[in-house]
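Notes follow once the structure below has been shown.
Protein chains: 2
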Amino acid sequence: MNYPGGIKKNIITIKDINKDNINYKNRGMNLEEDLNITNRYYKDQGIAYIYKKPTPIKVVKANFENGKRVITEAYYSEPSTTDYNGIYKGNYIDYEAKETKNKNNFPLSNIHKHQIEHIRNIVKEKGICFLIIRFTSLNKTYLLKGIDLLDFIDKNQKSSIPFNYIEEKGYQIKEKYLKRLDYLEIIDKIWRKL
Amino acid sequence: MNYPGGIKKNIITIKDINKDNINYKNRGMNLEEDLNITNRYYKDQGIAYIYKKPTPIKVVKANFENGKRVITEAYYSEPSTTDYNGIYKGNYIDYEAKETKNKNNFPLSNIHKHQIEHIRNIVKEKGICFLIIRFTSLNKTYLLKGIDLLDFIDKNQKSSIPFNYIEEKGYQIKEKYLKRLDYLEIIDKIWRKL
Chain A
28 MNYPGGIKKN IITIKDINKD NINYKNRGMN LEEDLNITNR YYKDQGIAYI
78 YKKPTPIKVV KANFENGKRV ITEAYYSEPS TTDYNGIYKG NYIDYEAKET
128 KNKNNFPLSN IHKHQIEHIR NIVKEKGICF LIIRFTSLNK TYLLKGIDLL
178 DFIDKNQKSS IPFNYIEEKG YQIKEKYLKR LDYLEIIDKI WRKL
Chain B
28 MNYPGGIKKN IITIKDINKD NINYKNRGMN LEEDLNITNR YYKDQGIAYI
78 YKKPTPIKVV KANFENGKRV ITEAYYSEPS TTDYNGIYKG NYIDYEAKET
128 KNKNNFPLSN IHKHQIEHIR NIVKEKGICF LIIRFTSLNK TYLLKGIDLL
178 DFIDKNQKSS IPFNYIEEKG YQIKEKYLKR LDYLEIIDKI WRKL
């Protein structure tokens, strides 16, 4: 941001960050909002308990002020797990939610290397694991099983997943009123052991 | 910390914080270390996938420096969930690990109100949920089921759980060599559905 007199303002507040999100990640906020509403509904109805994990932050420096620890230098770490996890019918459930403006593919740069490892570990231990991908330009949201994500990555040396693959292997999540994005309806159908 | 000339140093680095932990929370570091070793063993052997969640931090201010977001003011939030969770035989597993120097009781101030709510939600949804409590002065570590913690809280207006209650209702975790604190051995015995 440039100010009169050439002074460059580089201090931003959380309000600015949120504003920033509204400008650049509008649909992302909506997907998160939709999932929060859905998960609150699941919890209130005793259907499932699924929650968002804290954002990983690496603390470098901290002060003591009035007996309270204030962090004065820290950085957002690359996520080593996914955003959401919890319990559904006693089972471990875990997913990452992402959106893209692309119409023809989902860029794999959205999923970090450590997150792929995390998904691999969950699949291995028989947890319920998937991605929720929203194509904002198409206004369509899909559930893609973790195993189908891994299968694509292991068999292809590509930087993105074609929309066709997601449409074929994935399951479209219909938007509803109370259960905004009722992804458990799909889980009921496709996870045999439930 | 007071320095010669009366200058008060209140800037501490992570190295200092770790040093601080060694001085004041020695046993706590050991319990965490023991659990990390145990969980790594479980993971490597394909027994279970259990990991530590990120510490919740509330970010207040952030700068941009060389295109990177640097957090310049943040605070440790009160935890709303537990420290560890993961999958064991497909089931959701979740626990909080705490240690006390007390010999006769475990102070409930160690467990925050939101964490109690979290435990309640897990028990309701049939997840495997417990506390791991180490009595450092007695050199004994116990597993106490979430339901027994809730039962105590709901029936008593006390600020701590007597050691007797934990000894009676809980299960002592024996220290081993590779599986340092083999708490899953206890879970196998007490969780009927496994």
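First to last, the protein sequences are chains A and B. Going by the working numbering, the letters in the first sequence line up with residues 28 to 221, in that order. Going by the working numbering, the letters in the second sequence line up with residues 28 to 221, in that order. All C-beta atoms, glycine included, are put in the ideal place defined by N, C-alpha and C.
- prompt: For the candidate residues B:175, B:181, B:79, whose alpha-carbon lies nearest to that of residue 198 of chain B?
  reply: As a working note, residue 198 of chain B is residue 171 in the second sequence. Answer by Cα proximity: B:175.
task: Give the residues from the region 183-209 of chain A that approach chain B closer than 9 Å (Cβ to any Cβ), ordered along the chain.
output: none
query: Are the C-beta atoms of residue 81 of chain A and some chain B residue less than 7 Å apart?
result: As a first step, residue 81 of chain A must be located in the first sequence, where it is residue number 54. Yes, contact with chain B.
For residue 133 of chain A and residue 169 of chain A, the rounded distance between their alpha carbons: The sequence position of residue 169 of chain A within the first sequence is 142, counting from 1. The sequence position of residue 133 of chain A within the first sequence is 106, counting from 1. Between residue 169 of chain A and residue 133 of chain A, the C-alpha separation is close to 11 Å.
- prompt: Do the region 66-85 of chain B and the region 101-114 of chain B meet, that is, are 3 or more Cβ pairs less than 8 Å apart?
  reply: yes
task: May I ask whether a heavy atom of the ligand FAD can be found less than 6 Å away from the beta carbon of residue 177 of chain A?
output: Of the ligands one can find in the structure shown there are none, so the ligand FAD has no counterpart to examine.
message: So, with DSSP's three-state summary, where would you put residue 135 of chain B?
response: Taking the first residue of the second sequence as 1, we reach residue 135 of chain B at position 108. It is helical.
message: If we require 4 or more residues per run, which alpha helix (DSSP H) segments fall completely within the region 134-212 of chain A?
response: 140-151, 173-182, 190-196
query: Whole-angstrom Cβ separation of residue 154 of chain A and residue 120 of chain A, contact assumed at under 8 Å?
result: Within the first sequence, residue 154 of chain A is the residue found at index 127, counting from 1. Within the first sequence, residue 120 of chain A is the residue found at index 93, counting from 1. With 8 Å as the limit, residue 154 of chain A and residue 120 of chain A qualify as a contact, their Cβ atoms being about 7 Å apart.
field: Rounded separation between residue 173 of chain B and residue 193 of chain B - CA only
entry: As a working mapping, residue 173 of chain B is identified with position 146 in the second sequence. As a working mapping, residue 193 of chain B is identified with position 166 in the second sequence. Spanning the two alpha carbons is a distance of roughly 12 Å.
task: Scan the region 90-105 of chain A for residues whose Cβ lies nearer than 9 Å to a Cβ of chain B and list them as they occur along the chain.
output: 90, 91, 92, 95, 96, 97, 98, 99, 100, 101, 102, 103, 104
Test: residue 153 of chain A CB closer than 7 Å to a CB of chain B: If you number the first sequence from 1, residue 153 of chain A lands on position 126. Chain B, which has a Cβ nearer than 7 Å to the Cβ of residue 153 of chain A, makes this yes.
field: residue 114 of chain A at chain B interface by Cβ criterion, 7 Å
entry: Your numbering for residue 114 of chain A matches position 87 in the first sequence. Chain B, which has a Cβ nearer than 7 Å to the Cβ of residue 114 of chain A, makes this yes.
- prompt: Run through DSSP, which three-state label would residue 84 of chain B get?
  reply: Along the second sequence, one-based indexing puts residue 84 of chain B at 57. Looking at residue 84 of chain B - three-state DSSP - the assignment turns out to be strand.
- prompt: Which of helix, strand or coil does DSSP assign to residue 93 of chain B?
  reply: If you number the second sequence from 1, residue 93 of chain B lands on position 66. Residue 93 of chain B: coil per DSSP, three-state reduction.
- prompt: Are the Cβ atoms of residue 208 of chain A and residue 65 of chain A separated by less than 7 Å?
  reply: On the first sequence, residue 208 of chain A is found 181 positions in, with the first residue counted as 1. On the first sequence, residue 65 of chain A is found 38 positions in, with the first residue counted as 1. Yes, these two residues count as a Cβ contact at 7 Å.
query: Near residue 167 of chain B, which residues of its chain fall below 8 Å by C-beta distance, leaving aside the five closest residues on each side in sequence?
result: One-based indexing of the second sequence puts residue 167 of chain B at position 140. Closer than 8 Å at the Cβ level, and outside the excluded window around residue 167 of chain B, lie 161, 199.
- request: Assign residue 121 of chain A to one of three DSSP states: helix, strand, or coil.
  value: Along the first sequence, one-based indexing puts residue 121 of chain A at 94. If DSSP states are grouped into helix, strand and coil, residue 121 of chain A belongs with the strands.
Distance between residue 85 of chain A and residue 92 of chain A (C-alpha atoms, nearest Å): Residue numbering aside, residue 92 of chain A sits at position 65 when the first sequence is read from its first letter. Residue numbering aside, residue 85 of chain A sits at position 58 when the first sequence is read from its first letter. C-alpha separation (whole angstroms): 20 Å.
Cβ neighbour criterion (16 or more within 10 Å) applied to residue 144 of chain B: Here the question's residue 144 of chain B lines up with position 117 in the second sequence. Residue 144 of chain B should be labelled exposed.
message: Do residue 76 of chain A and residue 113 of chain A count as a contact pair if the criterion is CB distance below 7 Å?
response: Numbered from 1 along the first sequence, position 86 holds the residue referred to as residue 113 of chain A. Numbered from 1 along the first sequence, position 49 holds the residue referred to as residue 76 of chain A. A contact, by the Cβ cut-off of 7 Å.
N- and C-terminal bounds of the alpha helix (DSSP H) containing residue 289 of chain B: With chain B covering only 28 through 221, there is no way to say anything about residue 289 of chain B.
message: Does the CB of residue 173 of chain A have a neighbour CB from chain B at under 7 Å?
response: One-based indexing of the first sequence puts residue 173 of chain A at position 146. Cβ-Cβ to chain B under 7 Å: no for residue 173 of chain A.
- request: Just tell me which of A:101, A:127, A:147 has its CA closest to the CA of residue 181 of chain A.
  value: Numbered from its first residue, the first sequence carries residue 181 of chain A at position 154. The candidate whose alpha carbon is nearest that of residue 181 of chain A is A:147.
message: Comparing C-alpha positions only, which one of B:141, B:215, B:186, B:163 sits nearest to residue 57 of chain B?
response: Reading the second sequence from its first residue, position 30 is the one you call residue 57 of chain B. With distances taken between Cα atoms, residue 57 of chain B lies closest to B:163.
Near-chain B residues of the region 110-142 of chain A (beta-carbon distance less than 9 Å), N- to C-terminal order: 112, 113, 114, 115, 116, 117, 118, 119, 120, 121
- prompt: Are the CB atoms of residue 123 of chain A and residue 110 of chain A nearer to each other than 7 Å?
  reply: Taking the first residue of the first sequence as 1, we reach residue 123 of chain A at position 96. Taking the first residue of the first sequence as 1, we reach residue 110 of chain A at position 83. Result yes, Cβ atoms of residue 123 of chain A and residue 110 of chain A sit closer than 7 Å.
- request: In the DSSP assignment, find the unbroken beta strand (DSSP E) run with residue 75 of chain A in it and report its ends.
  value: The count along the first sequence starts at 1 and reaches residue 75 of chain A at position 48. 75-79 is the span of the beta strand (DSSP E), which, as asked, contains residue 75 of chain A.
query: Just curious, the beta strand (DSSP E) that residue 112 of chain A is in, first and last residue?
result: Locating residue 112 of chain A in the first sequence gives position 85, counting from the first residue. Start and end: 111-115.
- prompt: Buried or exposed: which applies to residue 204 of chain B, given that a residue is buried once 16 or more other Cβ atoms fall within 10 Å of its Cβ?
  reply: Translated into positions along the second sequence, residue 204 of chain B becomes position 177. The residue is exposed, with fewer than 16 neighbouring Cβ atoms inside 10 Å.
field: Proximity winner among B:216, B:214, B:211, B:190, relative to residue 130 of chain B (alpha-carbon distances)
entry: Numbered from its first residue, the second sequence carries residue 130 of chain B at position 103. Of B:216, B:214, B:211, B:190, the residue nearest in Cα terms is B:190.
- request: List the residues of chain B that residue 148 of chain A touches, going by C-beta distances under 9 Å, in chain order.
  value: For the purposes of this step, residue 148 of chain A is taken as the residue at position 121 of the first sequence. By Cβ distance, chain B contributes 70, 76, 78, 113, 114.
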